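K.L.:
Following this message is one structure expressed as structure tokens.
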Amino acid sequence: MKKLLFYTSIISLAIVSFFSCNKDPEIDIDNPDKPTVPEESELIFPKKEMRAVWIATVWGLDWPMEKYDLEVQKRQYITYLDKLKELNMNAVFFQVKGMGDAFYNSPYEPWCKWITGDRGKDPRYDVLAFMIEEAHARDIEFHAWMNPYRIATRTNNATPYPELHRSVKPEWVLSHEKIQIYNPALPEVRQRLADIVKDLITKYDVDGIHFDDYFYPDPSSAGTMVSDKQDYEKYGAEFSSIEDFRRANVDKTIKGVYDAIVATKPEVVFSVSPAANPDYSLKTLYADVSKWCKEGWVDILIPQLYQEIGNSYNDFQTRLNWWSQYNGKALLMVGHALYKFGDGTSPSAFQSTQELDRQFELTKRDKKVVGNAMYSARYLLFNKIEITDKLASIYKNEAVIPFAGRSVAPAPSEAKDIKIENNRLIWNTTGDVKSIVYYFSDLKKEGQVLGMTKDNSMDVKLAGHYCITTMNKDNKESNPSELIEKK
1294 MKKLLFYTSI
1304 ISLAIVSFFS
1314 CNKDPEIDID
1324 NPDKPTVPEE
1334 SELIFPKKEM
1344 RAVWIATVWG
1354 LDWPMEKYDL
1364 EVQKRQYITY
1374 LDKLKELNMN
1384 AVFFQVKGMG
1394 DAFYNSPYEP
1404 WCKWITGDRG
1414 KDPRYDVLAF
1424 MIEEAHARDI
1434 EFHAWMNPYR
1444 IATRTNNATP
1454 YPELHRSVKP
1464 EWVLSHEKIQ
1474 IYNPALPEVR
1484 QRLADIVKDL
1494 ITKYDVDGIH
1504 FDDYFYPDPS
1514 SAGTMVSDKQ
1524 DYEKYGAEFS
1534 SIEDFRRANV
1544 DKTIKGVYDA
1554 IVATKPEVVF
1564 SVSPAANPDY
1574 SLKTLYADVS
1584 KWCKEGWVDI
1594 LIPQLYQEIG
1604 NSYNDFQTRL
1614 NWWSQYNGKA
1624 LLMVGHALYK
1634 FGDGTSPSAF
1644 QSTQELDRQF
1654 ELTKRDKKVV
1664 GNAMYSARYL
1674 LFNKIEITDK
1684 LASIYKNEAV
1694 IPFAGRSVAP
1704 APSEAKDIKI
1714 ENNRLIWNTT
1724 GDVKSIVYYF
1734 SDLKKEGQVL
1744 GMTKDNSMDV
1754 KLAGHYCITT
1764 MNKDNKESNP
1774 SELIEKK
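Letter by letter, the sequence shown follows residues 1294 to 1780 in the working numbering.
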């Protein structure tokens, strides 16, 4: 994660042993993290990318798919991670709170039903610790995906909602016809949501907290809504309309969560994945996402651009252009509808892998886009119309994950003492870092990431030039080492 150090395309870098210059480097005042290097020394580094997938757990969609045996669940999750590693992907957004529940022992919410089949039942192992450990063992980031407000859903009033957790006061809850949520208007609810996040990041080594696109419910899916007129009369005196009041309530939730993260564990990244249509978010869900980005309350923005290029209502390219203009201080990623490829009910564009190629070409050309996220994990395994094979070809080389948020770990030092002996690249590092080996077959063309390692050596067989950077736990990258050539 963490703020881009090279930023994404052509980056001027000091390669002391290979280039020389006679004038002092200039400092880029607008971009102080950019290496201060002479103009003459230019290498084209590959674009940094977060390559992510969402793993949905509501109704057991991606995991555990109604498999309640402990060992079966573990194998199923590891199968996903091994597939991500095979595809050179580097992040997972795992749903740990989808229905007012938890994938860990929480003082605020019950154990998730979809782990054991029964809401509130202890699964007899630390699910979240296992998942984080397995992801990190494969150098894959783990972002805890939460739905802030939703507690339960039902088809109609004839079905009762489940019993509330003992810590939840009934007056904090709104029970609409088809969805039950925490009341966004209440200060107690906003504090509770911040406390839930604080509890999780204190207990677990997650890389990020992630919110999806559910805020105030959409009346078209919630059925008969409970009026919030009394809330407006009690708390909304400063607002000229109830709509502005609702948006302000969600604003306060987002800022409260962001502030809790910064105060508790600032290296944790906060991301949000809104609906593609900003007007829908603003006027129906009352989520003023562009404001959150402008204010700096969100570190990574991942709009769900799930329609095809040329869609008459939510054209992929049009929405991409809009979000690229209004991402504010947040890094921009793009969410893709992997589930639509090969689905007979989806538009014709999704019956060909060329649509994914075209979408990735657009995101690659957009200098603000620093990653892509696939919804959802099981479709990587299904591989309908060989869409996973297409993704593998797009991700044929490894990628360096960008820096986002706040830096806490010591800055990484440059790799030293670079040499090649018997077709093995060797170097020295200091501190708790991993090394990234870049390979350039032609110094005038874009290089590639040859590999990332905690070791201080790597086999190299190709003729060309190599350099090394180091990266700390925050994903902040050092300046490159000297350039070394293999004949």
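Think of the CB as a built atom: it goes at the ideal place given N, C-alpha and C, for glycine as much as any other residue. For clarity, every value in this text was computed on a predicted model and none was experimentally measured.
(1) Give the single residue among L1380, E1364, D1375 whose Cα lies nearest to the Cα of M1343.
(2) My parser needs the alpha helix (DSSP H) runs of 4 or more residues fully inside the stretch 1475 to 1506; what are they?
(3) Would you call the CB atoms of R1447 and K1471 closer than 8 Å?
(4) Taking the DSSP output, what are the residues bridged to C1760?
(5) Going by beta carbon distance, what residues of the same chain come within less than 7 Å of I1371, once the five residues before and after it are set aside?
(6) Which residues share a DSSP beta bridge with V1346?
(7) Which of helix, strand or coil does DSSP assign to M1358?
(8) Residues in its own chain within less than 7 Å of L1718 by CB, not counting five upstream and five downstream?
(9) Quick test of the definition: if touching needs 3 or more C-beta pairs under 8 Å, does the stretch 1461 to 1478 touch the stretch 1517 to 1535?
(10) Could you check what DSSP says for G1603 in three-state terms: helix, strand or coil?
(11) Would you say A1623 and V1550 are within 8 Å of each other, going by their C-beta atoms?
(12) If you count every other CB in all the chains shown that lies within 10 Å of the CB of T1681, and 16 or more means buried, which is it?
(13) Closest by CA to L1736, which one among N1772, L1776, D1710?
(14) Can you look up T1372 in the DSSP assignment and give me helix, strand or coil?
(15) Leaving out five residues on either side along the sequence, give the residues of the same chain with a beta carbon under 7 Å from the beta carbon of Y1525.
(16) Give a yes or no on whether the C-beta atoms belonging to L1613 and L1578 are separated by under 8 Å.
(17) Nearest to D1544 by alpha carbon, out of W1615, C1405, V1565, S1639?
(18) Can you tell me whether D1725 is buried or exposed, with buried defined as 16 or more other CB within 10 angstroms of its CB?
(19) Using 8 Å as the threshold, is the stretch 1634 to 1644 in touch with the stretch 1580 to 1593, meaning 3 or more CB pairs across them?
(20) Any idea what DSSP makes of K1558, helix, strand or coil?
P.N.:
Taking the coordinates as given:
(1) L1380
(2) 1480 to 1496
(3) yes
(4) Y1731
(5) E1427
(6) V1385, M1667
(7) coil
(8) V1730, S1750, M1751, V1753, Y1759
(9) yes
(10) coil
(11) no
(12) buried
(13) L1776
(14) helix
(15) I1535, F1538
(16) no
(17) V1565
(18) exposed
(19) no
(20) coil
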